[in-house]
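Report on one structure; see the data block that follows.
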Amino acid sequence: MLKLTEWTMEEQEQLIEFMTTNSWPFHGIEHPVRELIEKTIEEGGYKSDQVRTFWIENDEGQQVGVVKIFDLQDDIPLFDLRIADPYRGKGYGPKALKLIADFVFSLPEKKIRLEGNTRHDNFAMRKAFERTGFVKEAHIRQTWFSPRENRYYDAVTYGMTREDWEAGITTPVHWDDALIEEKKSQFNPVLFQFPDEFESERLIIRKPKREDAALSYEAVMRSLASLRPWMPFAQKKPVLSEMEANLVEAEADFMLRKDLRLHFFSKETGEFIGSSGLHRIDWDVRKFEIGYWVDNRFEGKGYVTEAVERITRFAFEELEANRVEIRCDPDNVRSRAVAERLNFELEGILRNDTISRVSNKLRDTCVYAKIRKQ
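Position 309, counted from 1, in the sequence shown is what the UniProt record's numbering calls 309; the numbers after and before it change by one each time, with no gaps.
This is how it looks when you write it as structure tokens:
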């Protein structure tokens, strides 16, 4: 874990040593001298109403980097992130960027976006941006001057909006409005290409296959009692042949983009853990509903939350979703907890909307949703 610790004027010597004993090949001055750092400090370049500077510290209290966040009086702060030579290539960059974004977007002034720039050939920094959810927003040719080489490089700009940070999504930039309009007018979901398999930290998530029938059958059999109050398919014991036929239909529906069922498996063991997917699809609106269930053996381990979080990102990033819903019975506390844990907003409760699977009485439906902010 990393943390940000604010730099103070009493640590002037530490900052000078940090800046002068490391090399900065992708910054304007690769080897800054003491006099330059002292002058910058004196002029408020590291601490002022507009600027705050933080050490980036690891679990062992080592100062692995420093970040200067500036233009803090504006709605759109910028930052300069530097990782010390010995700590580069150890994964600190993306973690530091997340801390920076969390800090900026938690400020009481409600900043609207965060922006960073780097040289186009600084591939490590660019990867760190992308892994943290920043979006490439500009490529500016021959604007980054290198005094050592006496030449200009291209620069790239990455940004993150408050809306994306709050929703935990990444919204791609549409580079050509005319092409986007043409694409929308000619859109045919059957021809829409997107991955049918992706991963989260612990899971492999993929489209259903006929050969999943036995695994799914065993999971449902083990979990009938807990699934029966909420799931229509669990009202009677499953029949293996019927489940196999259902999976053939599900695979066909996936290819026709009518319904996108998704099974998720343990990366470590390959075990079938549960089923989710994107249902009740409206391709014109780009609206999807997520459903989910899990094998009883894996309840309480966070797998459903992990799968739903990753499928939500898949919907926004790959399917260009405008709206993703989770609908559940008010008494289904596990399902509601998943939605609330992932910051889905409870938009309302539909009264007398369904019939209970157990008591055959009218039940309400909670409607949770995330939307793409315009």
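A virtual CB, placed ideally from N, CA and C, is assigned to each residue, including glycine.
Minimum C-alpha distance to residue i - residue among the options
| i | options | result |
| --- | --- | --- |
| E268 | Y303, W293, N246 and Q235 | Y303 |
| E309 | D259, M255, S266 and K370 | K370 |
| A124 | L81, R286 and D71 | L81 |
| S23 | F264, R88 and E244 | R88 |
| E326 | R280, V285, E299 and S356 | Note that residue 326 is Ile in the sequence shown, not Glu. When only C-alpha atoms are compared, the closest one is R280. |
| V324 | L278, G348, M9 and R336 | L278 |
| D154 | R131, G133, T118 and M160 | T118 |
| L262 | R210, N322, K301 and L227 | R210 |
| N322 | D253, P330 and V285 | V285 |
| V173 | E218, H139 and F187 | H139 |
| F265 | F298, D259 and P238 | F298 |
| Y290 | M221, D75, K236 and A315 | In the sequence under discussion, the amino acid at residue 290 is Ile, which differs from the Tyr named in the question. Of M221, D75, K236 and A315, the residue nearest in Cα terms is A315. |
| S335 | E35, A307, Q50 and M9 | A307 |
| K98 | W293, P232 and F134 | F134 |
| E42 | N332, F79, N296 and E13 | E13 |
| F272 | R228, E249, L215 and D102 | L215 |
| residue 382 | I311, V33, N296 and E242 | This structure does not reach residue 382, given that the chain is present from 1 up to 374, and the question cannot be answered. |
| Q63 | V104, E17 and E166 | E17 |
| D353 | C328, N343, R228 and S275 | C328 |
| H31 | K39, G159, T21 and K110 | T21 |
| T143 | G91, L227 and H120 | H120 |
| T305 | V338, K237 and K39 | V338 |
| F105 | D75, G116, G91 and S275 | D75 |
| D59 | F79, M1 and I112 | M1 |
| A219 | S275, K90 and P232 | S275 |
| L240 | M255, L260 and M221 | M221 |
| L260 | Y292, V33 and G116 | Y292 |
| D71 | N360, K111, L342 and M255 | K111 |
Close Cβ partners of residue i (< 8 angstroms) along its chain, the five nearest in sequence each way excluded
| i | result |
| --- | --- |
| T53 | E6, W7, L15, Y46, K47, V66, V67, K68 and I69 |
| E244 | R210 and A213 |
| E340 | L346 and Y368 |
| R313 | G168, I169 and T170 |
| E197 | I204, I205, R206 and K207 |
| G44 | Q50 and V51 |
| R113 | D75, I76, G159, M160, T161 and R162 |
| I37 | L15, I16, M19 and T20 |
| V33 | T20 |
6 angstroms Cβ shell around residue i - same chain, five flanking residues per side excluded
| i | result |
| --- | --- |
| P189 | R257 and W283 |
| K373 | E163 |
| L224 | A234 |
| N122 | F26 |
| S116 | Note that residue 116 is Gly in the sequence shown here, rather than Ser. Excluding residues within five positions, the ones whose Cβ falls inside 6 angstroms are F79 and Y158. |
Nonlocal neighbours in the same chain, by C-beta distance under 7 angstroms from residue i, ignoring five residues either side
| i | result |
| --- | --- |
| E318 | F194 and P195 |
| G93 | I83, A124, M125 and A128 |
| P330 | I349, D364 and C366 |
| R141 | D154 |
| F344 | I326, Y368, A369 and K370 |
| L362 | N352 and I355 |
| E137 | T157, Y158, G159 and V173 |
| S146 | Y153 |
Straight-line gap, residue i to residue j (C-alpha atoms, nearest Å)
| i | j | result |
| --- | --- | --- |
| M19 | R151 | 23 angstroms |
| R206 | E251 | 11 angstroms |
| K3 | T157 | 25 angstroms |
| P208 | D85 | 46 angstroms |
| L107 | K95 | 19 angstroms |
| N246 | D364 | 28 angstroms |
| G348 | V367 | 6 angstroms |
| I169 | F288 | 15 angstroms |
| E11 | G28 | 24 angstroms |
| Y217 | G300 | 21 angstroms |
| M9 | E35 | 16 angstroms |
| P77 | I56 | 18 angstroms |
| W230 | G61 | 49 angstroms |
| Q73 | W175 | 30 angstroms |
| R131 | E320 | 19 angstroms |
| D295 | D253 | 23 angstroms |
| K237 | I355 | 20 angstroms |
| T161 | A101 | 10 angstroms |
| V333 | L227 | 13 angstroms |
| R148 | E166 | 41 angstroms |
| F192 | E249 | 19 angstroms |
| F103 | G270 | 38 angstroms |
| L342 | K39 | 46 angstroms |
| E242 | E109 | 57 angstroms |
| E201 | M255 | 26 angstroms |
| K90 | N360 | 57 angstroms |
Cβ-heavy atom distance, residue i to the ligand FMN, below 6 angstroms
| i | result |
| --- | --- |
| L107 | Within the structure as shown, the ligand FMN is missing, as the structure has no ligands at all. |
Give, in chain order, every unbroken run of the beta strand (DSSP E) that is at least 3 residues long and sits entirely within the stretch 103-187.
DSSP runs (the beta strand (DSSP E)) wholly in the stretch 103-187: 113-119, 135-146 and 151-161.
Can you list the beta strand (DSSP E) stretches of 3 or more residues lying completely in the stretch 284-341, in chain order?
Fully enclosed beta strand (DSSP E) runs of no fewer than 3 residues occupy 287-290 and 323-328 of the stretch 284-341, in order along the chain.
Continuous alpha helix (DSSP H) assignments of at least 4 residues falling wholly in the stretch 15-45:
For the stretch 15-45, the continuous alpha helix (DSSP H) assignments of 4+ residues that do not extend past its boundaries occur at 34-42, in sequence order.
Runs of 4 residues minimum, wholly inside the stretch 211-258: which ones carry the alpha helix (DSSP H) assignment?
The qualifying runs are 213-227 and 240-255.
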